[in-house]
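Residue numbers (the numbering used here): 305 to 1246.
All remarks here apply to the structure that follows.
Given below as structure tokens:
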């Protein structure tokens, strides 16, 4: 109370209040109807003090307020602020928020699709747009005072992460950087790097969630708390979080067998009544159905909820299941509002397209308060779902994990169906970081007192492991920065080769690599001490045991080498036999998953390399496509043929045969069994081992027996110490090589890229040639391939639709590879141009291999994917949406997204293509217009 203060204290407090009122933070705080949190105030004060800031805080904690304060400061100082986001949807959302607050005249938007008021003092943009501005030396950078990088933890992203580091490194020194990140476990390390490259940077980490999160497990009809809160009895300690013993008991009970003959009770077997009671208890443990879960949450007042299902089809199926169950979460008034909003937002979509897009089924779900949300949906539909959810008109959303990233769509509850997801290669447990990201959506600030994360009970669930997942805050930020061809020419153009190399060595990737060397050096020193001890242990009084151990090792190595040579010769013989196969040959696959009789449908002889992969021997050479007697069509690899293969018989393959038709496969497999089922293949005879006649092996064995240490009684004891010495010495050399390899890694990769660009005449020393200037305007995974296609005039004379088909190969990547069926392609010039693109890629791929530019490390050009060429060709030719989607066998959302990416690259090509004696630039612009129509044009985000 003020009355309790002395006059001096009252005077000091008044002065403090007056000083605070004089800051820019005071009027900013008055814009909000809630008090700012301590971490927000600390970050804003650091910003006003001229420092850069890194704010790492949980999802939903309000860290974007710090970014909004940077906007406020820029406007107050008469400077510019760029607010960058990782995805267009987030850019659109932030643009709407800031335009509402400061007026549309002061706020602009720049994404791949939209350009609204780009010269405004505050511009919201995707991170790639700012990167392109920096390389182009855009005039819009003049007067730039602040850059906000929202979701800066995206720099871990394998495909796009490098862009964040490029921006951070290349921003002018006068620009103050505001980095907003999810809670990461190495925020201090990232802050140290920002301090190094950007100057004085304050790191503010907040673990506090403004809305507490309660963790639950739903099993059968009962909702269990995951943790049982316990404090120490004196009340002085920190509360301990123990796993709920009821859950532990439940897991144990599920794992128990109904009847165990070893168990006795009073000398008798367990009574039937006891067993029946156990059966009934276990019968109460089940995974509730999706409609049951929503009804249960509704009954407990835990809606709105987002249920994360790691499958698009699963999300759509969940909506259908809820509708079939008669679930209705909206009253008549809410239904009317939903219909009004939906009809207004979809007014521009033609009626015939609505039917194709499943509009009426989607609308019925929305009216009931239920919706799906995933990348396969039309962007307009996703936006409507987001708007209705925020308004409380959709109360149950079934979403893939992409919703957890960025979009401001908080819920009261989050439901996780499973703790396993497909990561593109295998089903893997979700990580603590992913769990935190997903459950972070639960709890709406200013609306909910608490948030709830509900995990559905699954058979075999371990409550302890779930508690570990929920209690761990391990989400380390790992750089994914790698130099690219486009980056190299832009850097050399701006700074020259030497300065560019130095700049790349300031990347976060190199910072982390150099830091990790410290620990490795410490391990090398420990190993060297261990080597001294092992050397003493193998000392022999009869002679030099180290020399004797080396002879033993040389003998073993020689025997291993000869065995490998024999295996290599067998593989070569097998590969040679595969090259002789023809379509219609009946063969016996000697080993592997598809061992047995098979009919060759396509010998699979490579034009250059197989599928763009390197480093796996079995993927080089022929890869025959076969039909097995089990009716499976599979492309085999050389690893399936450890011995040479000979045709057993010949068969005619009907022209009508379709590898995708089950009936067609069944008929041909039946004919195969009839034709060759009785044939027994000859067994391959083993040849005499090469080691038996090898002179080097004979010499080493003679020397070994003649060595003085060979007669030592403790020879094998010494040998064990010598083996340990050798292993530790080998490990130490590997660590030393790692130290050598981790220093200057980024710069060495840059040197290789520069060598390739020099060989192709994109660079001449510090000079960027005409070809290099063209490459500087092409961004994307296949930037160099696009540039080579322009140089070789591959796309000259193509129609706009044909050009769109060719460009699609530069951006499209199938979600799942399909070796069995070649993609359908446009005929004529487009087909020839696509073939030429593959040929050019093969040439670049060989050059990259020669220069050790490794795709596995995220550098280099992947093989173009032709899987979208036919769909975009049809669309650009004016075909209807129904026909295109049916032919493409692709969800509308995916179709729109790939079309947007094709449009983006077509725009780059229009800007980069030669102006004289070329039709490419003109046709690229026409192709943009041809693709940007209908469903693609009226989707505001992609």
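We put the beta carbon where it would ideally sit given N, CA and C, even for glycine.
Bear in mind the structure is a predicted one, so any value in this text is a computation, not a measurement.
DSSP places residue 832 within a helical segment (H, G or I) once states are collapsed to three.
Ranked by how close their Cα comes to the Cα of residue 611, the residues 1035, 949, 699 and 900 have 699 in first place.
It is roughly 40 Å from the alpha-carbon of residue 999 to the alpha-carbon of residue 928. Per the coordinates, the alpha-carbon of residue 1193 lies some 18 Å from the alpha-carbon of residue 656. In this structure, the alpha-carbon of residue 780 lies about 19 Å from that of residue 364. For the pair residue 671 and residue 693, the Cα-to-Cα distance works out to about 12 Å. Taking 3 residues as the shortest admissible run, the region 382-449 contains the following complete beta strand (DSSP E) segments, listed from N- to C-terminal end: 384-389, 411-414 and 426-430. A straight-line Cα-Cα distance of about 47 Å links residue 377 and residue 1104. By the beta-carbon neighbour count (other beta carbons within 10 angstroms, threshold 16), residue 434 is buried.
1197 is the residue among 1197, 1237 and 1235 whose C-alpha sits nearest the C-alpha of residue 685. According to the DSSP secondary-structure assignment, residue 356 is paired through a beta bridge with 505. Here the alpha carbon of residue 1140 sits roughly 13 Å from the alpha carbon of residue 1167. Restricted to the region 635-670, the alpha helix (DSSP H) segments that are unbroken, complete and at least 4 residues in length are 636-649 and 655-660, listed in chain order. With a threshold of 16 other beta carbon atoms within 10 Å, residue 762 falls short and is exposed. Out of 384, 772 and 942, the CA that lies nearest to the CA of residue 877 is found in 942. Here the region 517-531 makes no contact with the region 419-432; the two share fewer than three CB pairs at distances below 8 Å.
Judged by DSSP secondary structure, residue 801 falls within the alpha helix (DSSP H) whose first and last residues are 789-808. Residue pairing from DSSP places residue 733 in a beta bridge opposite 724. Pairing residue 1003 with residue 787, the inter-Cα distance amounts to about 51 Å. Residue 597 is classed as buried because its beta carbon has at least 16 other beta carbons within 10 Å across all chains shown. CA-CA distance, residue 555 to residue 725, rounds to 22 Å. Excluding the 5 residues flanking it on each side, residue 969 has same chain C-beta neighbours closer than 8 Å at 931, 935, 936, 937 and 963, in chain order. With fewer than 16 neighbouring CB atoms inside 10 Å of its own CB, residue 836 falls in the exposed class.
Taking a C-beta distance under 8 Å as the contact criterion, residue 1102 and residue 1090 do not qualify as a contact pair.
For the pair residue 1206 and residue 1111, the CB atoms are nearer than the 8 Å cut-off.
In the three-state reduction of the DSSP assignment, residue 1156 falls in the coil class. Here the alpha carbons of residue 870 and residue 885 stand approximately 23 Å from one another. Around residue 1235, the same chain offers 1108, 1176, 1179, 1180, 1203, 1206 and 1207 as residues with beta carbons nearer than 7 Å, after the five sequence neighbours per side are excluded. Between residue 883 and residue 926, the alpha-carbon positions lie close to 6 Å from each other.
A check of alpha carbon separations from residue 1005 across 1094, 452 and 863 identifies 863 as the nearest. Here DSSP, grouped into helix, strand and coil, assigns residue 702 to strand. A distance below 8 Å between beta-carbons, with the five flanking residues on each side excluded, links residue 881 to the following residues of its chain, in chain order: 945, 948, 949 and 950. DSSP places residue 1097 outside both helix and strand once states are collapsed to three, so it counts as coil. One Cα belongs to residue 1149, the other to residue 1058, and the distance between them is close to 15 Å. The beta carbons of residue 1232 and residue 682 sit no closer together than 8 Å. In the DSSP annotation of this structure, the continuous segment of the alpha helix (DSSP H) that includes residue 1009 starts and ends at 999-1010.
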